[in-house]
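Under mature numbering (1 follows the signal peptide of the UniProt record, and there is no 0), the letters of the sequence shown match residues -16 to -1, 1 to 401, in that order. Virtual Cβ for every residue (Gly too), placed ideally from N, Cα, C. To start, the structure itself, in structure tokens.
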Amino acid sequence: QHLLPTHFLLVLGCTALQSNLDLQQPGRGPQTSAYPVHFILAGPQCNASVDLIGTCWPRSAVGQLVARPCPEYFYGVRYNTTNNGYRECLANGSWAARVNYSQCQEILSEERKSKLHYHIAVIINYLGHCVSLGALLMAFVLFMRLRSIRCLRNIIHWNLITAFILRNATWFVVQLTMNPEVHESNVVWCRLVTAAYNYFHVTNFFWMFGEGCYLHTAIVLTYSTDKLRKWMFICIGWCIPFPIIVAWAIGKLYYDNEKCWFGKRAGVYTDYIYQGPMILVLLINFIFLFNIVRILMTKLRASTTSETIQYRKAVKATLVLLPLLGITYMLFFVNPGEDEISRIVFIYFNSFLESFQGFFVSVFYCFLNSEVRSAVRKRWHRWQDKHSIRARVARAMSIPTSPTRVSFHSIKQSTAV
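In structure tokens:
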């Protein structure tokens, strides 16, 4: 009932436009134009018409591809009117049923743009955490199976990878269980999930601190690594973060006990209880790294012992991973500003770095580790040799006894009788 008057008004408007075009001075224009020159044409032609969207197509000669500006609004969505839609006037004097509006792009509102970028960032996060978790699990299995390389340095790598696995796993738990209803209800289990996620987040930094401590002790302090004990690093990586998170949980319980302990209330700084130690060990690690690189560049440059070579490779991995871990965390304290482009870059850059951290850790500390690769290669060759020996034995067992040997044996038995 409402469409008929609207369509009638559009037809009237199109007729008025056609009359205006007919008054123009006759001339010859291009075959495709947003504003073709119209005049009384001889021969078949397409009459002025309004399509279902409401675009007016003026009278045109047959064979002409007519261009008209995109509609400004359609079903409540704004479109860019600087682009055109195209429709062909067929040889029989009728308009083509299909109008090409492929170049008409909708103008997204700020809210819709934000939602779009948020959804893309979520996809990047899920993809990155899936890839990271797969790579970390593979690295974990390699360190578990390859007992021949189980020295203190690789045990520290193994524990760092374990910390990242647990953090990634709890990230998936958070994403799959936390919804607005759960956030508002603030139930006990959701607060425990948040506490577990933050605990494993802190362990990532403290195990990276353990990596730095080991290298600094071995290279800068020239202290024998044989005197270092595994329990020292377990205390650093797993034990120290625990009371930190307990203190944070108590602070949240008394001062910011809402929304499953995610986010923070204005004027409440309980999150700094665990963020402060993370920043501290990060800064100490950068100091360690500076000293380690200085020693490697001055004193150990000419050394070619296997231990020094392994140290160099471990330092290279730390040189890449520590800034990666640090930059990702420091981005949480950076204000991207009001500029739209800077905010978009910030969202995507942060999502990529945070989600792919575990992948980079497994690559640099496991897949590119020469000890791991050498041990895997030996295992593979041993398996091939074992498999080939079994194949040769199986082939030998399957060879039948020759007829000549059977007949000779029977002759010998008959002679003896």
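Per DSSP, the continuous beta strand (DSSP E) segment holding R71 begins and ends at 68 to 72. In this structure, the alpha-carbon of P28 lies about 14 Å from that of E72. The beta carbons of G221 and G196 sit no closer together than 7 Å. For V50, the enclosing beta strand (DSSP E) has its first and last residue at 49 to 53. Residue state for R82 is assigned as coil, using DSSP reduced to three classes. Taking a cut-off of 8 Å for Cβ pairs, the segment 210 to 224 and the segment 242 to 260 do not touch, as fewer than three such pairs fall below it. For R175, the uninterrupted alpha helix (DSSP H) segment begins and ends at 172 to 199.
Pairing Y181 with V158 gives a Cβ-Cβ distance under 7 Å. Contact between L126 and C350 holds, since their C-beta atoms are separated by about 6 Å, short of 8 Å.
Taking one beta carbon from each stretch, the segment 114 to 126 and the segment 160 to 172 have fewer than 3 pairs nearer than 8 Å; the two do not touch.
Residue burial annotation: F348 is buried, with at least 16 other C-beta atoms found within 10 angstroms of its C-beta. Boundaries cannot be given for I133, as no alpha helix (DSSP H) includes it and DSSP labels it neither H nor E.
Per DSSP, N241 is not a residue of any alpha helix (DSSP H), being assigned neither H nor E. By the Cβ rule, the segment 142 to 158 does not count as touching the segment 369 to 382, because fewer than three pairs are nearer than 8 Å. Closest by C-alpha distance to H185, out of G235, P53, M262, N64, is M262. In this structure, DSSP gives S358 a helical state, which the three-state scheme calls helix.
Taking 7 Å as the cut-off, the Cβ atoms of W79 and S116 do not count as close. F58 and C88 have their C-alpha atoms some 11 Å from each other.
Excluding sequence positions up to five before and after S339, its CB lies within less than 6 Å of the CB of N109, G112, H113, all in the same chain and listed in chain order.
With distances taken between CA atoms, L121 lies nearest to S346 out of D369, V356, S346.
Y207 carries a coil assignment under DSSP once its states are collapsed to helix, strand and coil. Excluding its 5 nearest sequence neighbours in each direction, G77 has C-beta neighbours in its own chain below 7 Å: P28, Q29, C30, V46, listed in chain order. Assignment of A250 by DSSP, reduced to helix, strand and coil, places it in the coil class. Per DSSP, I37 lies in no alpha helix (DSSP H) segment and is marked neither H nor E. C-alpha of I104 to C-alpha of A119: approximately 23 Å in a straight line.
About 6 Å separates the beta carbon of H101 from that of I328, a gap short enough to meet the 8 Å contact definition. Looking from the CA of Q48, the closest CA among I140, S98, A75, Y63 belongs to A75. According to the DSSP assignment, Q87 belongs to no alpha helix (DSSP H), since it is labelled neither H nor E. Distance from the Cα of S169 is smallest, within the candidate group P42, W245, L264, L303, for W245. V61 sits in a strand when the DSSP states are folded into three classes. Here DSSP, grouped into helix, strand and coil, assigns A75 to coil. Per DSSP, A202 has no beta bridge partner at all. The bridge partners DSSP lists for Q29 are A45. Separation of the CB atoms of I145 and K214 is rounded to 16 Å, and the pair is thereby denied contact status at 8 Å.
Within a 10 Å sphere around the beta-carbon of F226 sit fewer than 16 other beta-carbons, which makes this residue exposed.
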